[in-house]
Structures are given as structure tokens and as C-alpha cells.
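**Q** Below is one structure. I have some questions about it.
Protein chains: 2
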Amino acid sequence: MKPVKVGICGLGTVGGGTFNVLTRNAEEIARRAGRRIEVVAIASRHANPACATGEIPLQADVLALARDPEIDIIVELIGGYDTARELVMTAIEQGKHVVTANKALIAVHGNEIFAAAQKKNVVVAFEAAVAGGIPIIKAIREGLAANKINWLAGIINGTGNFIMTEMRDKGRAFAEVLAEAQALGYAEADPTFDVEGIDAAHKLTILASIAYGIPLQFSKAYTEGISKITPDDVQYAEELGYRIKHLGISRRTSAGIELRVHPTLIPASALLANVNGVMNAVVVSGDAVGQTLYYGPGAGAEPTASAVVADIVDVARMLGASADSRVPPLAFQSAELAETPVLPVEAVVSGYYLRLQAVERPGVLAHVTRILGEKGINISAIIQKETREAQVPVIMMTQRVEERMMNEAIREIEALPDILGEVIRIRVDHLAD
Amino acid sequence: MKPVKVGICGLGTVGGGTFNVLTRNAEEIARRAGRRIEVVAIASRHANPACATGEIPLQADVLALARDPEIDIIVELIGGYDTARELVMTAIEQGKHVVTANKALIAVHGNEIFAAAQKKNVVVAFEAAVAGGIPIIKAIREGLAANKINWLAGIINGTGNFIMTEMRDKGRAFAEVLAEAQALGYAEADPTFDVEGIDAAHKLTILASIAYGIPLQFSKAYTEGISKITPDDVQYAEELGYRIKHLGISRRTSAGIELRVHPTLIPASALLANVNGVMNAVVVSGDAVGQTLYYGPGAGAEPTASAVVADIVDVARMLGASADSRVPPLAFQSAELAETPVLPVEAVVSGYYLRLQAVERPGVLAHVTRILGEKGINISAIIQKETREAQVPVIMMTQRVEERMMNEAIREIEALPDILGEVIRIRVDHLAD
């Protein structure tokens, strides 16, 4: 069969990895795909010393590739919003298929991009946008197509998981580990996207859409970072039989869809609690299959390239096929997307870990438990250790309760004269169906 | 679009589950697939009380369904070799697509079946044949299409994993746990297929073919069961920082492809070591992606149905597409399958756990270590406890060595006058790249 011609836009970490995988494994990929995948043009302002691009023309203008009639598939690996969006929209306009690893672009502009792609009868594939080399988009969109998905929960930011793992393994403080992660190149100079959960929320937004068949709604995702987690919290969680992980969680309830990224206590025996370092993993629960888990490297040149190239192979296979034969971008036919509302975080039902600093005086605990009791909040575990200090930390775990009730209870507890400072609150999830 | 018409052959556990999932999730599935999936006929000698099949005709003759011109897709869920093979070959002959959960059929007759399907330009899909609800076939065949797969290792028999988990958690003996598994319905009255590794070897044969692009070669798979594992071995493994799992392992080496099912010590910290009970998991290592892991229920009515229905949706989507657009059954184009040899187990290189019973007398250990040394086998750990008995168990772990060398060493060790009975030998794998 005729080779498929690819233009790679962006020759940084992922672009370089993609070029190298396509080159090194060209034979193996052709044996699978039944046709060769040829890189015929590259757009990049700089050469990548890790890539022997040989005689392939390197040009600065990405839009020129989008308009090059020789190219079948544009691979967008420049990242960011503006130029990437212009590139993708131009490529679609020119009738080209697009493969992208850009989670921010898809989470924020995906609805518009997919609508344009449908009009021009082209594919926009984005496996690499979530969890790097793990084929999680394909698993949910195709592998679990028989299921009504009930919930999913994932470690979908490697930097955050590296920090949480180091804090637990070595009892280190957040700021210290973050500095190390920056030195190692795991974290950006401005770590906000990673540690405040924005990157994870981009990915969670995409996963929720393909799981439930709803439009992308990044602006409705709740995000809370890990920068306030202390070594004490990590240690208390451990004593209670839990670990703290920075999770993206999306659950379908009768009221709507939860979409939230925050530190979460999960049982130490859960596989997800044992996903360490920069690795990613996603648990998906479907009504027929039950729980399945997908684990692997969530970032890096070649792991991400693995997903990009898998998409290229998929698109290449379907070049001659009709739109009816394609898997829709958000898993459900575009006319069949649901208007199920995304719930505000106040409506989320969750267990809680609470840490409060109390004056060591009789009756304090009675006041706290009375307030919780009045809100219908049951305590499932409590740690208060003997002390000779004037202040004592009290740790409680509660059963599941609506967040607005917990917020009210916390306000009242903080107003007690014998409670010092803020009540620390971390959500708890048992990852149960 | 026109509904797709399905005939279900076999209405037992998986057939019933498939019918129920297709019925219960009909709306959700149609929203995804863009067309309805209709069960128009069922072949079964008995009704299934769990299935409200209503007016759908139930007939005893499966071959009649294969010849029914109304049916687009035959779903083979009767199991076994003979009738299943005839059914599948007849359906193909009649130009129908086939979805099957039958690992034995695919592992043993797959080459012939796929050749016939190619001639008649139909699809034979078999996601449910390996690891139940986990979309592992799709992950390897499509999700990791960019990779040269280096190795894979999996817990792919739930019964065996249930037994190994109970033996470890509760220190129980094999026979006792097996009897319980039979009482619980996890194990068959004749448990040979499960506990001797035959079922796992069927699945491993399939995984290896799609990973490396080689024909199915079940007869060359090495199988060793778990019936000889003792609570002592489980306990010693634990002391050494390992767990014993019944694994299917396939590795691509420069000499050929390893294809083997046997009890294996793996590091206790590996995710795979923490896959418990009847759950399945497969680790796949590719040159670009590194290690990825897929976890979920490996059996049961609806988990298996989840995979069967996903295949039905895939086939339904591609009904109008040309053969060029399809993913080949063994992942690689049929003309591109490789003749890489499957290695005999004597040529496999592995670490070993050895347990020997020695007379408590000076010099015994010196004899044993001399023999190992002469074969170039390095000892990495040893346990010999103080005792007042006349006999003492000695446990050793060795570094990696070719199996034929280890066999020679064991023969010589067993011939030592102070060594009593057989040397117990369990392979060790660090699941490292």
C-alpha cells in the first residue's frame, strides 16, 4: 500500500521521541500497519541533537506544514494554546488528519476542534494527551464500550506523584521535594500547572467526557493542589492505613457528574496507592466489567511518542474508511453527547480526614464531635495522642458526607475558642463501587 | 444507521452475561457505536434463568445460526474445541464475522481460523479470550503498536491466583485451598486446566503472537503447575522479599522467544505481586513505552461479556470498511508473521529459588556451592536456620542462568549423599527490562 505521509510540528522532547520511534521501529510498525509511515516534513525553530533528521526539510513555519498538500497527517507537538490551536484548525480546514499530545488544547478547545473536524470529515486523535504511554483513551473509548462507566480515578500527573511518593518514603517536606524535582527536571520552574492540579484537571476533563459522553467542560473542574500537605498528614494517614495521592476523580451520580482533582487518602492496600514515583495509573469502574486499572509512564519522550505513534497508525489504517467506521473523538456520537450537569464541589459526597490543633483541656473533643453529630457526620476513626504540651493535634476520619455540610461543620469547629488555627481537611476515597 | 444483527451461540455464564449487557446497556452502546446491536437469535440447549430472552428464538442447533442469512455476527460462547471449531469455520464460510471468548480454540486452531477468515474477508475477534474484561488484546495490538515488545508477564488465571493468594495470606496448603475454590465455584471439578497452567498457556500463546508477530504455537509452550508449591516455599519467598505467583512469561531474546507458564518468585514491591484473589494483570514492556500494566477481573459473566461486547461494537463499526482498514488478528499483517523460533525451556535464562533438605553435617553446603560454582551459577541469597534436628532445609537464590545448566547442577546436588530427596526449584523473575 501507499506510504502515509506525516508532518511533525515541534521537535522538542515529544516531537524528537516521535521522530526517533517512527524511524527506529519503521519496519515493525509497517509490519503491523500494512503500510509505511513516512515523516516528510518537520516544523521546528531548532534542530534536536537527539534526532538524525537527515534530508527531511526542517522549517520554522508550522502553518506551512498544515498547508502542504503532500502531508496526510499533521502531528501537533508544539504545546500551548494559541499557535497549537491555529495549527490544528488550519490542518483540519485543509482536510488533514491531526494527532496531538496537547491536553490543554483538547480540554479547553476540544469541542470546537472536534466540531470542525467532523465538518471536514477528518480525525483528531489525542491518546498521548492523557497519561502518556498508557493507552487509556483507547481502553475507555473502545475496550470498555460495553459499559456504563460509573467512576474513574487516576494518578495523572507524574510530578505530583513523585512529590507525594518522596514525602511518604522519606518523611520530607513538600517544598524540599519540589526543589529536588525541579533540579531533576521532573518539575517546571513554575510548577503551578503540576502541583496545583491544573494539568491533572485537563486530563480528567478529557477522561470524563469519553467515559460519560459529555462535552469537554474544563472550566467546571474543581482543582486543589498538594502544596499544603505536610509530612504530619502523610504520617497520620499511614497510621490509619491510608496513603495520600493527588488524584483526579470523576464519578457519575444521580445528581450529575463529579469532576475534581485534589489530594486524597486511599487505602494503602489499593493498587493505586502503590503506584509510585513519576508513574501514572487510572482505575476505571464500569457496570459490566467492574474495576480495571491501567498503569505506565505518564510522560517522557518515548512513552509519550508511543501513544502519538499508535494514533498515527490508527489514523493511517482508517485513511480510506468512511466516517461511520470511525470511533468518535469523545467516544459517543457527537449528536448523542449528554447534557448531564457537572456538579459543583459543594455537592460532592466524600469521606474526610480532619486534623485540628486543640488546646489540651477537657471537653474540647466533646464540642467537636457534637458539631459533627449535628450535621449528621459520623466519625469512623480518631487519633489523639497523650502529650505534655499545651496543644494537641486531633486527627479524625469521617464517613461520607456532602461537602457543603462538612464546610459548615468546619466553620463552626474553627470558631470554637479551644481550636487553634485552621482545620486541615483532606478528602478520603475508598475506590469502592 | 441499520442495526447490526447478532446471533449468540451458547447461553451459559458468558453467553448469559453477554445477552444481559447488550440488553441492559443497549442505549449507551448505541450512543457509542452509532447503530443498535440486536440479538436476533440464540442457540442453546437450555434457557438461562438469568436472561429474559423474551421472543428471541432459542434453538438447539448452533450451525443453523451460522447459516442464518439474517445474522451479521456470530458470537461463539459454547467453549471447547470440536463444535466450537465447526461453528466458527461454518460462520466464516458463510461470510459472517465471528466474536469468540474461546482461548483454547484460538490458541490451538487460530492459525487455520484466521487464514479462512482472511480468505472470506471477515473478522474473527477474540478480546475476551485473554484476561476477561481487561482490554489487553486491544492494548497490545493497537495501543502499543509503536513498540517493539520486549517481554510480557501476566497473572492470567484467576483460579491459580486465588489459590496463591490464600496460601500466602493464610499460610494454608495447596490442596485445602483448592478444595475451597472448588466449593466456591472458582475451580472446576477437574482443576487440571487451571492449576497445571494449561489455560494460562492458551492465553500466553495468544499474547505472544500479537506481541511479536509470530504464528500461534501452543504446542511449544512450557507449562508447570502450582500443585507442588508448599506453604514453606511461600513463607521463605516472603522472607527473601518475594511473592510466588503463577505467571505466564514471554520474552523475546536474540535466540528466540520464551513461552512459559510456571510458579515464579517476583519482588514483593512489584505491582504484579500485589494483584490478589481472582484478579488478573499483565505487564507489557515495549522499547518506546517502557513498562505498562493492565489489571482487572479475568473471568465471570459480565467482565467477560464486557470484552465480547466491545468486540461486537468494533466489528459492527467496521462492517462497511475494507480489509485494509482492519487490525489484523495477530496484530501483524498475515504475510508479515515472523518465523522466530520458540525456545525450549532448557534454553530459558532465569534466576532460581532452590530449597534442599540436607543432613545437618559440616561440609554439606560447601559441596552444594562448589557444584553451583562449577556451572557458573552465582548465589545471591541464602537462608539456613539454626536447628536441633538431624535435617535442615537450605534455601538459596541464584542469579540468572540457562536452565540446562541449572538442571545439570540439580542432578549433581541430588546425587550428594547428604542431600535428601528432590531439590525444589522455582524460577525467579525481577520483571526488569
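These protein sequence lines are chains W and C, in that order.
Take 1 as the starting number for the first sequence in the UniProt record's numbering and just add one per residue.
Take 1 as the starting number for the second sequence in the UniProt record's numbering and just add one per residue.
Just so you know, even glycine gets a beta-carbon here, dropped at the ideal spot from N, CA and C.
Remember, predicted model here, so these are calculated numbers, not experimental data.
1) In whole angstroms, what separates the C-alpha of C:A166 from that of C:T264?
2) Does the region 247 to 263 of chain C come close enough to the region 337 to 348 of chain C to have 3 or more Cβ pairs within less than 8 Å?
3) Based on DSSP bridge pairs, tell me the residues matched to C:C51.
4) In chain C, which residues lie less than 9 Å from W:V309 when you measure between Cβ atoms?
5) Flag C:L293 as yes if its beta-carbon sits less than 8 Å from any beta-carbon of chain W, otherwise no.
6) May I have the straight-line CA-CA distance separating W:I424 from W:T387, to the nearest angstrom?
7) Buried or exposed for W:G80, please, with buried defined as at least 16 other CB atoms from any protein chain shown within 10 angstroms of its CB.
8) So the beta strand (DSSP E) C:E402 belongs to, where does it begin and stop?
9) Measure the C-alpha to C-alpha separation of W:A50 and W:G15 and round it to an integer number of angstroms.
10) What does C:I29 reach in chain W if we use C-beta pairs closer than 8 Å?
11) Answer with buried or exposed for W:R45, where buried requires no fewer than 16 other C-beta atoms within 10 angstroms of its C-beta.
12) Would you mind sorting W:P329 into buried or exposed? The rule is 16 or more other CB atoms within 10 Å of its CB.
13) So, at 6 Å on beta carbons, what are the nonlocal neighbours of C:Y353 in its own chain, with the 5 sequence-adjacent residues on each side left out?
14) What are the start and end residues of each continuous alpha helix (DSSP H) run of 4 or more residues lying completely inside the region 14 to 53 of chain W, in chain order?
15) Enumerate in chain order the residues of its own chain whose CB-to-CB distance from C:A60 is below 8 Å, with the five nearest sequence positions on each side excluded.
16) Give the DSSP-derived three-state secondary structure of C:R361 in the structure shown.
17) Report the residue from W:E28, W:K5, W:T53 whose alpha carbon sits nearest the alpha carbon of W:I37.
18) Is the separation between the beta-carbon of C:L431 and that of C:L272 shorter than 8 Å?
19) From the beta carbon of W:L178, is the nearest beta carbon of chain C less than 8 Å away?
20) Which residue marks the beginning of the beta strand (DSSP E) containing C:Y242, and which one marks its end?
21) Per DSSP, which one or two residues make a beta bridge with C:M279?
22) Taking only three categories from DSSP, how would you classify C:N161?
23) Can you list the residues of chain C that residue 471 of chain W reaches, using a CB-CB cut of under 8 Å?
24) Would you report the Cα separation of C:G225 and C:L247, rounded to the nearest angstrom?
25) Taking the alpha carbon of C:V122 as the point to measure from, which residue in C:V348, C:M406, C:L319 has its own alpha carbon closest?
26) Tell me where the alpha helix (DSSP H) around C:K203 begins and ends.
27) From C:K103 to C:V195, what does the alpha carbon distance come to, in whole angstroms?
28) Sort W:I92, W:C9, W:A211 by Cα distance to W:I56 and report the nearest one.
29) Does DSSP put C:A221 in a helix, in a strand, or in coil?
30) Using 8 Å as the threshold, is the C-beta distance between W:V21 and W:A208 below it?
31) Between C:K138 and the rest of its own chain, which residues show a CB-CB distance below 7 Å, the 5 nearest in sequence each way excluded?
32) Following the continuous beta strand (DSSP E) through C:G7, name the residue where it begins and the one where it ends.
33) Are the C-beta of C:L271 and some C-beta of chain W separated by less than 8 Å?
34) Would you say C:V315 faces chain W, with C-beta separation under 8 Å as the test?
35) Using 10 angstroms around the beta-carbon of C:N147, count the other beta-carbons present and answer buried if the total reaches 16, otherwise exposed.
36) Between the Cα of C:I156 and those of C:A316, C:V278, C:I71, spot the shortest distance and give me the residue it belongs to.
**A** Reading from the atomic positions:
1) Note on residue identity: the sequence assigns Glu, not Ala, to residue 166 of chain C. Going by the C-alpha atoms only, they are around 16 Å apart.
2) yes
3) In the DSSP output, where bridge partners are listed per residue, C:C51 has none listed.
4) A145, A146, N147, A288
5) yes
6) 20 Å
7) exposed
8) 391 to 402
9) 11 Å
10) A145, A146
11) exposed
12) buried
13) L265, M397, I426, V428
14) 26 to 33
15) A43, S44, R45
16) coil
17) W:K5
18) yes
19) no
20) 242 to 252
21) C:P297
22) helix
23) Here chain W has residues from 1 to 433 only, and residue 471 of chain W is not among them.
24) 10 Å
25) C:L319
26) 198 to 212
27) 16 Å
28) W:C9
29) coil
30) no
31) E127
32) 4 to 9
33) yes
34) no
35) buried
36) C:V278
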